RNA sequence: GGCGGGUUGGCGGAGAGGUUACGCAGCGGAUUGCAAAUCCGUGAAGACCGGUUCGAUUCCGGUACCCGCCUCCA
């Protein structure tokens, strides 16, 4: 079996993935707060963990992997958005507005992540469905002396957990020294964080031992991961910005509630995304959602490929140039596998690259090597010649199966390649004009047709055998010459 | 102020203490009526300063610059 190595943020080193239960490998990814369209940065962990999910399913069997990604549907940003709509004259109750907005946002999220070729997780729990579990966990933390109630809030006592700060490499004292935050007066320690907070009559709330209120942000992941994956599971992930405070606080909650369990064994974090070399932000005007890109006509598969060009632990820069390059490569690769069924197994080298801390760039390099061998069989390296096993198309099938490990060249993502219209009449006409031109030495008519075709995004190939016309980048059927 | 990450050829971007990464673009050639596509060939790197080593782009230390987190954030 392929040995999978992953960089564990906690140890800051590459570690072998040793499943707690080989029959059920479990991973949890922190999902979106559902108040707006997912921006491009939200999509990076989704794609990264989708590749990991595919790898785990390949290595351990699809039945032996459980992937959970939550929806945070209780949050002050959601409340604020609903309140704003009320103030704009929507007379419906807040609860209804919130429900409508979260439902709508979840629908968008599914559509956008589907467009990137991300498989749906096995479970997508919503925080509001796990309020009783959260309350139970908070009660347990209070009982164990790790949390305390104050002015309708319940706070986690960070001083009760000596390991607090271990994941992110911070010490409580250092953080207090550098804190720029206003400190609530009812906190015992400035770093104590909220497990539960009171809701007034306006805001969503649930009855609890501390009065009507709503959960703090971090407790949901502790409660839902326990409910769906158990008290110990294999992988917990998210963007590096979640390392502190979110994941640090999850560890504090879960490990204090269940001191004899491991909680998450490996912590995986992807680095941030930039746009044209700068942080994506609304103020810089370079903020955009996945949907914005899709609407601009950038295929989801192209977005996915650009993500995978960069290792997940490095900052990734989204640029128009990369999107162009990715599109050109994918267009060529799709040409190699048109009408081909995938082989039963991907190339080992591709799996090996991914198993080495999700080296997607290395896997892509390997795909390039195979693609080159398909295009130029005479120069085929020995290892690929063995793989091909004398069957002219076997390498194409292996190539397709290997790309599938990255979620590329799948049927689901192939829609952007325009179904080729019948260009043969144009090809025949061109062939005729060309034959005449060869006799008359006047090539102006054939050149004019060639130019028109090129401008419509058609690649013109004239060979001794005839004329071949292929739709290529920027193909636009409406601009075809009549 | 505290913590963390990064710096590789024109661009993108990996691995490995010593032998070609890879892709895109470029250049030369073949091919073509001219192109395109394809094929053959080819140049180009490791921020800076030290250290370890027979040998470092790869390990260690420092400097500079960039980015992120510390407040909602993937």
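Residue numbers (UniProt numbering): 1 to 482.
Each residue gets a CB set at the ideal place from its N, CA and C atoms; glycine is no exception.
It should be emphasised that the depicted structure is a prediction, and the values quoted were computed from it without experimental measurement.
- Cα atoms of residue 360 and residue 218: separation of roughly 31 Å, rounded to the nearest angstrom.
- No Cβ-Cβ contact shorter than 8 Å links residue 269 with residue 296.
- Under the three-state reduction of DSSP, residue 8 is assigned to strand.
- By the C-beta density criterion, residue 247 is buried, having at least 16 other C-beta atoms within 10 angstroms.
- Ranking 71, 140, 88 and 141 by CA distance to the CA of residue 108 puts 71 first.
- Judged by DSSP in its simplified three-state form, residue 235 adopts strand.
- Per DSSP, residue 147 is one residue of the beta strand (DSSP E) stretching across 147-150.
- Excluding residues up to 5 positions away in sequence, 476, 479 and 480 lie with their Cβ nearer than 6 Å to the Cβ of residue 456 in the same chain.
- Around the CB of residue 216, 16 or more other CB atoms lie within 10 Å, so the residue is classed as buried.
- Residue 356 is bridged by DSSP to 5.
- Cβ atoms of residue 302 and residue 330 come within 8 Å of each other, at about 6 Å.
- Separation of the CB atoms of residue 224 and residue 148 is rounded to 24 Å, and the pair is thereby denied contact status at 8 Å.
- Annotation for residue 27: the continuous beta strand (DSSP E) segment containing it runs 25-29.
- DSSP, reduced to helix, strand and coil, places residue 42 within a helical segment of the structure shown.
- Put simply, the stretch 126-145 touches the stretch 203-212. At least three CB pairs are less than 8 Å apart.
- Residue 363 and residue 422 have their C-alpha atoms some 35 Å from each other.
- In this structure the stretch 328-346 lies against the stretch 388-406, because at least three pairs of beta carbons, one per stretch, are closer than 8 Å.
- In this structure, the CA atom of residue 368 is about 21 Å from the CA atom of residue 50.
- Cα atoms of residue 396 and residue 55: separation of roughly 20 Å, rounded to the nearest angstrom.
- Short of 6 Å from the beta carbon of residue 428, and not among the five residues preceding or following it, lies no beta carbon of its own chain.
- With 16 or more other Cβ atoms inside 10 Å of its own Cβ, residue 234 counts as buried.
- One Cα belongs to residue 434, the other to residue 470, and the distance between them is close to 18 Å.
- Under the three-state reduction of DSSP output, residue 164 falls in the coil class, being neither helix nor strand.
- If you draw a 10 Å sphere on the C-beta of residue 321, you find fewer than 16 other C-beta atoms in it, and that means exposed.
- Residue 110 is classed as exposed because its beta carbon has fewer than 16 other beta carbons within 10 Å across all chains shown.
- Cβ atoms of residue 116 and residue 318 stay farther apart than 8 Å, at about 13 Å.
- Annotation for residue 333: the continuous alpha helix (DSSP H) segment containing it runs 320-337.
- Counting C-beta atoms within 10 angstroms of its own C-beta, residue 264 has 16 or more neighbours from the protein chains shown and is therefore classed as buried.
- Secondary structure of residue 431 (DSSP, three-state): helix.
- Here residue 451 is exposed. Its C-beta has fewer than 16 other C-beta atoms within 10 Å.
- Of the residues 358, 228, 436 and 203, the one whose Cα lies closest to the Cα of residue 15 is 358.
- If you look at residue 223, you'll find it in the alpha helix (DSSP H) that goes 219-229.
- When DSSP states are grouped into helix, strand and coil, residue 267 belongs to the strand group.
- By the criterion of at least three beta-carbon pairs nearer than 8 Å, the stretch 439-447 is not in contact with the stretch 86-94.
- The alpha-carbon of residue 81 is positioned some 17 Å away from that of residue 200.
- Per the coordinates, the alpha-carbon of residue 163 lies some 16 Å from the alpha-carbon of residue 267.
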